[in-house]
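Taken in sequence, the protein lines are chains G and D. Numbered by numbering that gives the first Met the number 0, the letters in the first sequence go through residues 0 to 425 in order. Numbered by numbering that gives the first Met the number 0, the letters in the second sequence go through residues 0 to 425 in order. What follows is one structure encoded as structure tokens, with my remarks underneath.
Number of protein chains: 2
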Amino acid sequence: MGQQSNLKVVIIGGGFGGLSAARALDKASVEITLIDRRNFHLFQPLLYQVATGGLSPADISFPLRAIFKKQKNIKIVLGEVIDIDTWKGEVVLPTFSLSYDILIISAGAQYHYFGNNSWKKYAPGLKSIEDATFIRSQILRAFERSEFETDPHKQAALLSFLIIGGGPTGVELAGAIAELARETLLNDFRNINPLDARIIIIESQDRILPPYPPELSIKAAKSLQRLGVEIMTNSIVTHVTNQSVTVKSDKNEFTIPASTMLWAAGVKATGIGELLSKTITVETDKAGRIIVQPDCSIPGADNIFIIGDLAHFKDKNENVLPGLAPVAMQQGRYVGKLIKKRIKNRRTIKFQYKDKGNLTVIGRSSAVAFRGKIQLWGFTAWLLWVILHLLFLVGFENRLLVCIQWAFNYFTRNRSARLITGEKRL
Amino acid sequence: MGQQSNLKVVIIGGGFGGLSAARALDKASVEITLIDRRNFHLFQPLLYQVATGGLSPADISFPLRAIFKKQKNIKIVLGEVIDIDTWKGEVVLPTFSLSYDILIISAGAQYHYFGNNSWKKYAPGLKSIEDATFIRSQILRAFERSEFETDPHKQAALLSFLIIGGGPTGVELAGAIAELARETLLNDFRNINPLDARIIIIESQDRILPPYPPELSIKAAKSLQRLGVEIMTNSIVTHVTNQSVTVKSDKNEFTIPASTMLWAAGVKATGIGELLSKTITVETDKAGRIIVQPDCSIPGADNIFIIGDLAHFKDKNENVLPGLAPVAMQQGRYVGKLIKKRIKNRRTIKFQYKDKGNLTVIGRSSAVAFRGKIQLWGFTAWLLWVILHLLFLVGFENRLLVCIQWAFNYFTRNRSARLITGEKRL
Numbered sequence: 000m001g002q003q004s005n006l007k008v009v010i011i012g013g014g015f016g017g018l019s020a021a022r023a024l025d026k027a028s029v030e031i032t033l034i035d036r037r038n039f040h041l042f043q044p045l046l047y048q049v050a051t052g053g054l055s056p057a058d059i060s061f062p063l064r065a066i067f068k069k070q071k072n073i074k075i076v077l078g079e080v081i082d083i084d085t086w087k088g089e090v091v092l093p094t095f096s097l098s099y100d101i102l103i104i105s106a107g108a109q110y111h112y113f114g115n116n117s118w119k120k121y122a123p124g125l126k127s128i129e130d131a132t133f134i135r136s137q138i139l140r141a142f143e144r145s146e147f148e149t150d151p152h153k154q155a156a157l158l159s160f161l162i163i164g165g166g167p168t169g170v171e172l173a174g175a176i177a178e179l180a181r182e183t184l185l186n187d188f189r190n191i192n193p194l195d196a197r198i199i200i201i202e203s204q205d206r207i208l209p210p211y212p213p214e215l216s217i218k219a220a221k222s223l224q225r226l227g228v229e230i231m232t233n234s235i236v237t238h239v240t241n242q243s244v245t246v247k248s249d250k251n252e253f254t255i256p257a258s259t260m261l262w263a264a265g266v267k268a269t270g271i272g273e274l275l276s277k278t279i280t281v282e283t284d285k286a287g288r289i290i291v292q293p294d295c296s297i298p299g300a301d302n303i304f305i306i307g308d309l310a311h312f313k314d315k316n317e318n319v320l321p322g323l324a325p326v327a328m329q330q331g332r333y334v335g336k337l338i339k340k341r342i343k344n345r346r347t348i349k350f351q352y353k354d355k356g357n358l359t360v361i362g363r364s365s366a367v368a369f370r371g372k373i374q375l376w377g378f379t380a381w382l383l384w385v386i387l388h389l390l391f392l393v394g395f396e397n398r399l400l401v402c403i404q405w406a407f408n409y410f411t412r413n414r415s416a417r418l419i420t421g422e423k424r425l
Numbered sequence: 000m001g002q003q004s005n006l007k008v009v010i011i012g013g014g015f016g017g018l019s020a021a022r023a024l025d026k027a028s029v030e031i032t033l034i035d036r037r038n039f040h041l042f043q044p045l046l047y048q049v050a051t052g053g054l055s056p057a058d059i060s061f062p063l064r065a066i067f068k069k070q071k072n073i074k075i076v077l078g079e080v081i082d083i084d085t086w087k088g089e090v091v092l093p094t095f096s097l098s099y100d101i102l103i104i105s106a107g108a109q110y111h112y113f114g115n116n117s118w119k120k121y122a123p124g125l126k127s128i129e130d131a132t133f134i135r136s137q138i139l140r141a142f143e144r145s146e147f148e149t150d151p152h153k154q155a156a157l158l159s160f161l162i163i164g165g166g167p168t169g170v171e172l173a174g175a176i177a178e179l180a181r182e183t184l185l186n187d188f189r190n191i192n193p194l195d196a197r198i199i200i201i202e203s204q205d206r207i208l209p210p211y212p213p214e215l216s217i218k219a220a221k222s223l224q225r226l227g228v229e230i231m232t233n234s235i236v237t238h239v240t241n242q243s244v245t246v247k248s249d250k251n252e253f254t255i256p257a258s259t260m261l262w263a264a265g266v267k268a269t270g271i272g273e274l275l276s277k278t279i280t281v282e283t284d285k286a287g288r289i290i291v292q293p294d295c296s297i298p299g300a301d302n303i304f305i306i307g308d309l310a311h312f313k314d315k316n317e318n319v320l321p322g323l324a325p326v327a328m329q330q331g332r333y334v335g336k337l338i339k340k341r342i343k344n345r346r347t348i349k350f351q352y353k354d355k356g357n358l359t360v361i362g363r364s365s366a367v368a369f370r371g372k373i374q375l376w377g378f379t380a381w382l383l384w385v386i387l388h389l390l391f392l393v394g395f396e397n398r399l400l401v402c403i404q405w406a407f408n409y410f411t412r413n414r415s416a417r418l419i420t421g422e423k424r425l
């Protein structure tokens, strides 16, 4: 397909970064191959809604082939990259290799247990659809088991939900679990009272949402407390077992029994940096992110671009850009345009991030947001969140359905996707 | 809860039968316990839509606790029945037992491989949400793999979908897979042409839909052939491997290579009859169904009722009632009312099935239906199918959303839930 002379662009990862890069290259004289392990783009900011039964996986997942149905210069490959050979210019998959002229890597991040990988099986993180449906089953199963538990200690543990990490993900999860327990499940049980459920955020710093202005952290904490969420700040998790978390707080160490522990305490880059470093010198930071140049390429390899959560990009104020969807999207669009300019031998400029602000939703009618010095909270911030997310979803067929599902959930306080599924059924 | 004098009614199974029985007992002076292995009621007639990416699991699954939120005389237990002691009047679960005065068993059916259980892993049946999402992944993965398969024989096998059994389930699956390939995926690939996909129904009798009038079987076959489905009648499957099915047809035996084989050839009752037979004499038929009396109770135990797919019930013309949702629902409602009458010492009558007719959908705007001598086909039958299913779904919150999703799918020919999920991701 296409002329032989076309540049071969290989994109690894169909997340926000990869998708934006591919779209920016629409109608360019290039042959794009987009590789992903999944056959769909995942709208990660709403994954916590799947984990708490508010939305179905398909509501926030968009088949990559459907997205690019009409873009003729792109091929989609469902597969896992097992090696990258920068000398040959090849990306290696289990059964074949793909040669590239330009490589864009947007492979994202995964949860980071800071050396305690054994905690992973007790306190899963929320990155994939499978994570979300597993956590959903775990939360719902805890309520089901508590209904017929006669030992009050065990019952209390079953109704304790610990969220490790008080950043945006932890706050959103805690708010959604609290609403699930206090509103959706309120009249569902006969022996237990879902209001007895304890939802606890454990945060190592002195306030939740550390990247936010302190006033907003306080507002968010108050909103959460109104939903019944307990917040433990200055608290470090020192041990995790299948039935408890040990916390060190102000020199005291104590153990909280719980059956559901969720990890939202930090991410690290996926291991693709190691593949690159076999044939090229790459520098990574502590979180495994690859240090890139002002045009998002790797020093010494101007045909390899790293974007999104995988990239360590310093802006003009020497701040490293955070792992947020808008950063990945802007970088993807930038690299796509840069390639077009290079083809036409036009002058290229450095990448510059336009800060779109930060926004964390706490629950029905409650959120916090800031952009520079502008701060929003409560219903106003929540309304902004709804509008922005619906706008983001524009371009994806499902946006109307998601909107209707939300309206349903909002007015009925119901969460119809609260299914316990998967292999282990009880 | 309730007065001590209340009758204890235990219902095993939250399918159509169990649900109807529990609902019929609303406001009766009984203490109901409904036991199911799942926390939701599954609307099985639409399961093939999940298996082919048209609907999400939550669209056809309804949390049992939500259904019975307002019915105060019922407790829901998520658990598996491991024993039944009819002497003590107890149903045994792994961690506790429940005593009953009246037991209603509506535990359904499972796929029957007629002694060839090793075929199960190559040709899965469609009974649970997990079956449906597994089959969905398998079908979509076959297309993905064929896109990059260079060996034409292997590619042809990847694009061959064999459906073993030409009853209603087999016909609905074949029609939906054909539409997925020929409409939804039409422009999704660059190397393969989804029109090359072969969808083959293998039926042992001389026509598909054997319980239907012959004229409708012919009409259904023509509709399927218009969708590109091949139909092999008088064909018996003699062997199934992970890459082929061997078929015996008119004394010829031949092997069809395929990567996707689906089983829709027959069901048998779940094993609960064996639990009962430890303490009581139960008679079962060849399919494992328990032979019941005209009031749906077991001979010799008028406090144990068997309803739905698990029951072998002979109507006044000595015909055994088929394993259909309307049968289970009518039996459930009947038994619920019978219990109410017994409490009030009123006279009870025998169960009588009101035949609501048969309806099988083939695809967009195509179905076949009959009731007695009335026959419908094509768009008329399809419209009836849509209306009936929407009416059935009345009472469940999601009906509007399912309706909207269908409208989307109908007009856009899209299937937004075509996700490859689960542990084995590639």
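No residue lacks a Cβ here, since even glycine has one placed at the ideal position from N, Cα and C.
Neighbour-count burial assignment, residue i, 16 or more Cβ in a 10 Å radius
i        : result
G/Arg64  : buried
D/Tyr409 : exposed
G/Thr347 : exposed
G/Leu382 : exposed
G/Arg370 : exposed
G/Gln329 : buried
D/Lys349 : exposed
G/Phe304 : buried
G/Asn38  : buried
G/Lys218 : buried
G/Asn316 : exposed
D/Arg345 : exposed
D/Asp35  : buried
D/Thr85  : buried
G/Lys423 : Below a pLDDT of 50, predicted positions are generally treated as unreliable, and G/Lys423, at 49, falls in that range; no measurement from the model is reported.
G/Ser98  : exposed
Check: residue i C-beta below 7 Å from any heavy atom of the ligand GDP
i        : result
G/Arg417 : Of the ligands one can find in the structure shown there are none, so the ligand GDP has no counterpart to examine.
Residues sharing a beta bridge with residue i, DSSP
i        : result
G/Ser98  : G/Glu89
G/Ser248 : G/Ser234, G/Asn251
D/Phe256 : Reading the sequence as shown, one finds Pro at residue 256 of chain D and not Phe. In the DSSP output, where bridge partners are listed per residue, D/Pro256 has D/Ser243.
G/Val80  : G/Val80 pairs with nothing; no bridge assigned.
G/Asn426 : Nothing about residue 426 of chain G can be read from this structure; chain G reaches only from 0 to 425.
G/Arg197 : G/Ser159
G/Trp118 : Paired residues: none, contrary to the question.
First and last residue of the uninterrupted alpha helix (DSSP H) at residue i
i        : result
G/Phe133 : 128 to 146
D/Ala175 : 167 to 178
G/Tyr333 : 324 to 342
D/Leu63  : 63 to 66
D/Val281 : Run containing D/Val281: none; DSSP gives neither H nor E here.
D/Ala57  : It is not in any alpha helix (DSSP H) - D/Ala57 carries neither H nor E in the DSSP assignment.
G/Ile348 : That residue, G/Ile348, is in no alpha helix (DSSP H); it is neither H nor E in DSSP.
Presumed contact (8 Å Cβ cut-off) between residue i and residue j, rounded CB distance
i        : j        : result
G/Lys355 : G/Pro325 : 5 Å
D/Gly53  : D/Ala175 : 7 Å
D/Gln404 : D/Asp58  : 6 Å
D/Phe15  : D/Gly331 : 7 Å
D/Ile11  : D/Ile104 : 5 Å
D/Glu171 : D/Leu226 : About 12 Å; that fails the 8 Å criterion.
Close beta carbons around residue i, own chain, < 8 Å, minus the five adjacent residues each side
i        : result
D/Ala141 : Leu157, Leu158, Phe160, Ser258, Thr259
D/Pro167 : Leu208, Asn357, Thr359
D/Ile300 : Checking the sequence, you will find Ala at residue 300 of chain D rather than Ile. So the qualifying residues of the chain are Thr85, Ile279.
Start-to-end residues for the beta strand (DSSP E) that takes in residue i
i        : result
D/Lys7   : 6 to 11
D/Ile303 : 300 to 305
D/Leu41  : 39 to 41
Own chain residues within Cβ distance below 7 Å of residue i, not counting five before or after
i       : result
G/Ile81 : Val91, Leu92, Pro93
G/Gln2  : Residue placement at G/Gln2 cannot be trusted, given a pLDDT of 44 that sits under 50; what the coordinates show is reported in the next sentence. Answer for G/Gln2: no residue qualifies.
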